[in-house]
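Visitor: One line per chain: the protein sequences are U and V, in this order. Numbering of the first sequence is given in this note's numbering, commencing with residue 56 and proceeding in unit increments. Numbering of the second sequence is given in this note's numbering, commencing with residue 56 and proceeding in unit increments. Dropping the structure in here first, questions after.
2 protein chains.
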Amino acid sequence: MQIGELARATGCRVVTIRYYERIGILPPPARAANQYRIYGEAHSRRLRFVRRTRELGFSLDEVRRLLRLIEGGDYTCDDVRQLGVQHLEDVRARREDLQRLEGALHELVQQCVGGASPDCAMLEALFAEPVTGEDGRKPAEGA
Amino acid sequence: MQIGELARATGCRVVTIRYYERIGILPPPARAANQYRIYGEAHSRRLRFVRRTRELGFSLDEVRRLLRLIEGGDYTCDDVRQLGVQHLEDVRARREDLQRLEGALHELVQQCVGGASPDCAMLEALFAEPVTGEDGRKPAEGA
DNA sequence: ATTCAGCCTATAGCGGCTATAGGGTCAAGG
DNA sequence: CCTTGACCCTATAGCCGCTATAGGCTGAAT
Numbered sequence: 056m057q058i059g060e061l062a063r064a065t066g067c068r069v070v071t072i073r074y075y076e077r078i079g080i081l082p083p084p085a086r087a088a089n090q091y092r093i094y095g096e097a098h099s100r101r102l103r104f105v106r107r108t109r110e111l112g113f114s115l116d117e118v119r120r121l122l123r124l125i126e127g128g129d130y131t132c133d134d135v136r137q138l139g140v141q142h143l144e145d146v147r148a149r150r151e152d153l154q155r156l157e158g159a160l161h162e163l164v165q166q167c168v169g170g171a172s173p174d175c176a177m178l179e180a181l182f183a184e185p186v187t188g189e190d191g192r193k194p195a196e197g198a
Numbered sequence: 056m057q058i059g060e061l062a063r064a065t066g067c068r069v070v071t072i073r074y075y076e077r078i079g080i081l082p083p084p085a086r087a088a089n090q091y092r093i094y095g096e097a098h099s100r101r102l103r104f105v106r107r108t109r110e111l112g113f114s115l116d117e118v119r120r121l122l123r124l125i126e127g128g129d130y131t132c133d134d135v136r137q138l139g140v141q142h143l144e145d146v147r148a149r150r151e152d153l154q155r156l157e158g159a160l161h162e163l164v165q166q167c168v169g170g171a172s173p174d175c176a177m178l179e180a181l182f183a184e185p186v187t188g189e190d191g192r193k194p195a196e197g198a
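Shown next, in the form of structure tokens:
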């Protein structure tokens with residue numbers, strides 16, 4: 056199948072497929088006489104795997120590692136699990152950060168009375184005391 | 056004060072300060088005879104404001120808009136509130152995405168028995184049916 | 001013959017920095 | 001006086017994961 060069909064089959068854009076090939080996520084496919092790329096089922100399965108892992112937030116580098124494990128054939132469940140657990144922790148950390156942020160932001164917005172007042176408590180709060188702790192870490196008050 | 060001192064005072068890196076100047080977040084300061092940048096209290100306050108809003112996840116463009124409001128002097132509380140509410144909604148959406156992701160990932164990792172088994176339920180699941188729910192939301196990325 | 005969708009390559013751009021190269025400046029110490 | 005070292009300067013390229021643009025070829029239908 057041609058690249059457009061593969062794109063439709065996987066929900067991946069044509070340009071992205073070519074990009075994946077350039078950076079080594081997908082192997083270069085065969086070419087027709089007119090230089091068009093020709094893909095088979097193996098490519099399709101591989102690309103769907105990539106899409107799915109990307110949707111789960113794995114970086115392209117992690118995807119590459121997973122693919123290498125699979126290609127190698129001698130991976131253990133533990134190898135995979137390790138990558139998964141690490142990523143899960145990353146996602147949880149980011150989510151918690153975002154959650155704290157959301158809380159802080161919510162509080163801030165609530166201080167805003169709105170209307171045509173030329174003063175704004177929210178802006179004043181932003182000009183006042185630091186949001187971060189004394190060590191310059193990320194914000195922590197939302198909760 | 057010189058750029059290094061400003062950096063220490065605001066918790067912002069020297070290179071980042073110069074970057075902010077280049078993209079118009081900070082106005083070009085006065086220069087000493089040796090071309091060194093010389094900052095005053097106004098710069099320091101402005102930069103702290105930028106840092107704080109950035110920590111709250113506002114994009115540099117939103118920061119610019121906030122700064123313009125302040126500079127203009129004729130902003131209303133509603134103007135600010137609107138930006139804040141919009142951003143809060145963006146953050147909430149991202150957090151919810153990430154939360155869904157976390158759930159899916161957690162389930163997936165739990166299927167993994169670990170150990171030296173050459174099969175992995177997690178990998179198999181990734182090769183099987185789509186991970187995203189029927190709501191077809193986009194995956195959350197970056198912070 | 002022309003139109004149009006689809007394919008090709010190469011390159012630049014996004015946000016928000018960070019890193020590197022290759023210098024100049026200035027106060028302190030030997 | 002000379003070196004060391006911390007600080008400053010500019011300009012440019014790199015990071016991630018694409019996306020967009022420019023400019024051209026292919027192949028089927030009208």
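We put the CB at the ideal spot given by N, CA and C, even for glycine.
DSSP puts I72 of chain V in a beta bridge; with which residues?
Guide: Per DSSP, none; premise fails for I72 of chain V.
Visitor: Pick helix, strand or coil for A171 of chain U, following the three-state DSSP scheme.
Guide: Three-state result, A171 of chain U: coil.
Visitor: DSSP state of A97 of chain U, grouped into three classes?
Guide: Three-state DSSP puts A97 of chain U in a helix.
Visitor: Three-state secondary structure (DSSP) at A85 of chain V?
Guide: In this structure, A85 of chain V counts as strand in the three-state DSSP scheme.
Visitor: Sort V:T65, V:E157, V:Q57, V:G59 by Cα distance to F182 of chain U and report the nearest one.
Guide: The option with the nearest alpha carbon to F182 of chain U is V:T65.
Visitor: On a CA-only basis, which of U:L81, U:L143, U:G128 is nearest A171 of chain V? Give me that one, please.
Guide: Of the candidates U:L81, U:L143, U:G128, the one whose C-alpha sits nearest the C-alpha of A171 of chain V is U:G128.
Visitor: At the level of alpha carbons, what is the spacing between R61 of chain U and V140 of chain U?
Guide: The sequence given here has Leu at residue 61 of chain U, not Arg. About 31 Å.
Visitor: Do A148 of chain V and L111 of chain U count as a contact pair if the criterion is CB distance below 8 Å?
Guide: No, the Cβ-Cβ distance between L111 of chain U and A148 of chain V is not below 8 Å.
Visitor: Whose C-beta lies closer than 8 Å to the C-beta of G59 of chain V among residues of the same chain, with five residues either side of it excluded?
Guide: Counting only Cβ-Cβ distances below 8 Å, and skipping sequence neighbours, we find V69.
Visitor: What are the start and end residues of the alpha helix (DSSP H) that includes T65 of chain U?
Guide: Segment 58 to 65, the alpha helix (DSSP H) holding T65 of chain U.
Visitor: For V140 of chain U, which residues in chain V fall below 7 Å Cβ to Cβ?
Guide: Result: V164.
Visitor: Please tell me whether V168 of chain V has its Cβ less than 8 Å away from any Cβ of chain U.
Guide: It does; some Cβ of chain U falls within 8 Å.
Visitor: Could you please give the first and the last residue of the uninterrupted alpha helix (DSSP H) stretch that includes I125 of chain V?
Guide: Start and end: 115 to 127.
Visitor: Kindly indicate which residue of U:L81, U:Q90, U:R106, U:E151 has the alpha-carbon position closest to the one of H98 of chain U.
Guide: It is U:L81 whose Cα lies nearest to the Cα of H98 of chain U.
Visitor: Below 8 Å on C-beta distance, what does D116 of chain V contact in chain U?
Guide: What D116 of chain V touches in chain U: nothing, since even the nearest Cβ is about 16 Å away.
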